[in-house]
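Here the structure is laid out as structure tokens; the discussion comes afterwards.
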Amino acid sequence: MAIIAFHFCMAKGNQLPFGKVMQTMFSGYFLHHFNVFPHLFQAVSQKWSIRQQVWTNGTLSILTIILLAGCGSSTEQAATTAEVPTLPVVQVKTATMTTFQEFPATLEGKVNVEIRPQVEGYLEQIYVDEGAAVRKGQPLFRIDERSYREQLSNAEANLMMAIANQDKAALEVARLSPLVENKVVSDVQLKSAQSVYEAAKAAVGQARAMVSTAKTNLSRTVIKAPVNGYIGRLPYKPGSLVGRAEPQPLTTLSDVGDVFAYFSMSEVDFLQFTQQSAGRSLTDKIRQLPPVELLLADNKPYSQKGRIELVSGQFDKAMGAISFRAIFPNELGLLRSGITGRIRIPQVHESAVAIPQEATFERQDKVFVFALSDSNKVQSRPIQLLGKSGNFYLIREGVRPGERIVRDGLDRLQDGDPIVPKQETTTNELTKNL
């Protein structure tokens, strides 16, 4: 009997005609059993009466019908339960959301100074080490000063000689002046003496300038920090011959009390920025921007926020982008020139339609959701994204406030499938912790 019921259940699941099933089932059953035991069947049939056969066949039929009815009912119930999954849904609401645009950035100190020698000579001493913090006026390097001290001594000697010649010429003018008045000597001699005096006077001025130059060159043998900052790489070692013609500086001094973050926007990003930002002119738009964030190489935000204060006057034709500059305070000196990161520009969206990212799926480079009808049947629907905030997508088009979408189990669904909604929440509740 169990075998008969089993065959019927299988046939019902495959949607076969009942008559065909019964014919196949009973013919197979009797052919199998009574062909295997022909003698036993003959002996039994001779002893049974017609009344006993009728009673037995009737009993078997009744039991078979009862078993088949129970099997069919349980099969239909199991199939119905398996076909309708229970899945979480979320009701779409509007909320105030903040999205971020990110752009790669390179950091530079507010002042980056190349330290180069102004006189030529052998590098005698280096007073600082790489990465050291220095103050304005602090000695950094010293070049051999002996030749420049000799030049100063020579210039001072020439000055003394020029002064002596000037004094001599002045005496000659003083001697000839009364003689010319008394017409003892001619006026020509006095004029000649005055010319010699003027030349001696000019020579004194020239000698004084040479002394000043020699003193300046001597002072330049000690190279001092022009600003506060941090020492960069030191490519030269003591004993190296350095001078103005060297292509590589002695070091680079960076003032990083404030740092600049330089980044670029493409033409499309720039147009979106100008359209979405408040203000009439570009200057007004930049002035009204909220503080921006700096994400460092470890994807962690810098502790202090900055502001955008400058935009380039024109697009770079080669790159197809326009440059911006943001400034960040750096009192602790954690930021250095050359560091890379990402600028995050926030934008606040009032009454934005937001849905969980997990409630979406992609198909042929498009983003979809499963919207739920009043009869709890799902239908895939393409959506257009406005931006991203945390784990939420901001929707420009595709779903409306008040609609329900399936939040999880999307890979189990097809268009038109019914579901049993579970844990129905709203996007407002999901976005409270953002």
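Note that the sequence shown covers residues 0 to 433 in numbering that gives the first Met the number 0. For every residue, glycine included, the Cβ atom is placed at its ideal position computed from N, Cα and C.
Looking at the secondary structure, which residues open and close the alpha helix (DSSP H) in which residue i lies?
{"i": "residue 130", "result": "Neither: residue 130 is in no alpha helix (DSSP H) and is coded neither H nor E."}
{"i": "residue 254", "result": "Residue 254 -> not in any alpha helix (DSSP H); beta strand (DSSP E) instead, spanning 250 to 265."}
Pick helix, strand or coil for residue i, following the three-state DSSP scheme.
{"i": "residue 42", "result": "The predicted position of residue 42 is uncertain, since its pLDDT is 44 and thus under 50; no value can be drawn from it."}
{"i": "residue 414", "result": "coil"}
{"i": "residue 318", "result": "coil"}
{"i": "residue 283", "result": "helix"}
{"i": "residue 301", "result": "coil"}
{"i": "residue 378", "result": "strand"}
{"i": "residue 152", "result": "helix"}
{"i": "residue 409", "result": "helix"}
{"i": "residue 343", "result": "strand"}
{"i": "residue 158", "result": "helix"}
{"i": "residue 395", "result": "strand"}
{"i": "residue 313", "result": "coil"}
{"i": "residue 90", "result": "strand"}
{"i": "residue 107", "result": "strand"}
{"i": "residue 244", "result": "coil"}
{"i": "residue 370", "result": "strand"}
{"i": "residue 383", "result": "strand"}
{"i": "residue 363", "result": "coil"}
{"i": "residue 308", "result": "strand"}
{"i": "residue 21", "result": "Because residue 21 carries a pLDDT of 46, less than 50, the predicted location of this residue cannot be relied on, and the following value inherits that uncertainty. Note: residue 21 maps to helix in three-state DSSP."}
{"i": "residue 277", "result": "coil"}
With DSSP as the reference, please indicate the residues paired to residue i in a beta bridge.
{"i": "residue 113", "result": "251"}
{"i": "residue 99", "result": "345"}
{"i": "residue 419", "result": "85"}
{"i": "residue 323", "result": "262 and 310"}
{"i": "residue 351", "result": "94"}
The beta strand (DSSP E) with residue i in it runs from where to where?
{"i": "residue 356", "result": "Counting along the chain, residue 356 falls outside any beta strand (DSSP E), and DSSP gives it neither H nor E."}
{"i": "residue 119", "result": "Where residue 119 is concerned, there is no enclosing beta strand (DSSP E), given that its DSSP letter is neither H nor E."}
{"i": "residue 142", "result": "138 to 142"}
{"i": "residue 331", "result": "Unbroken run through residue 331: none, as it is neither H nor E."}
{"i": "residue 292", "result": "292 to 294"}
Less than 9 Å between the beta carbons of residue i and residue j, yes or no?
{"i": "residue 219", "j": "residue 116", "result": "yes"}
{"i": "residue 109", "j": "residue 257", "result": "yes"}
{"i": "residue 140", "j": "residue 221", "result": "yes"}
{"i": "residue 411", "j": "residue 106", "result": "no"}
{"i": "residue 102", "j": "residue 388", "result": "no"}
{"i": "residue 266", "j": "residue 340", "result": "no"}
{"i": "residue 405", "j": "residue 352", "result": "no"}
{"i": "residue 125", "j": "residue 233", "result": "yes"}
{"i": "residue 332", "j": "residue 226", "result": "no"}
{"i": "residue 250", "j": "residue 111", "result": "no"}
{"i": "residue 83", "j": "residue 419", "result": "yes"}
{"i": "residue 192", "j": "residue 172", "result": "yes"}
{"i": "residue 168", "j": "residue 195", "result": "yes"}
Identify every run of the beta strand (DSSP E) within the segment 167 to 241, keeping only runs that are complete inside it and at least 3 residues long; order them along the chain. 221 to 223 and 228 to 230
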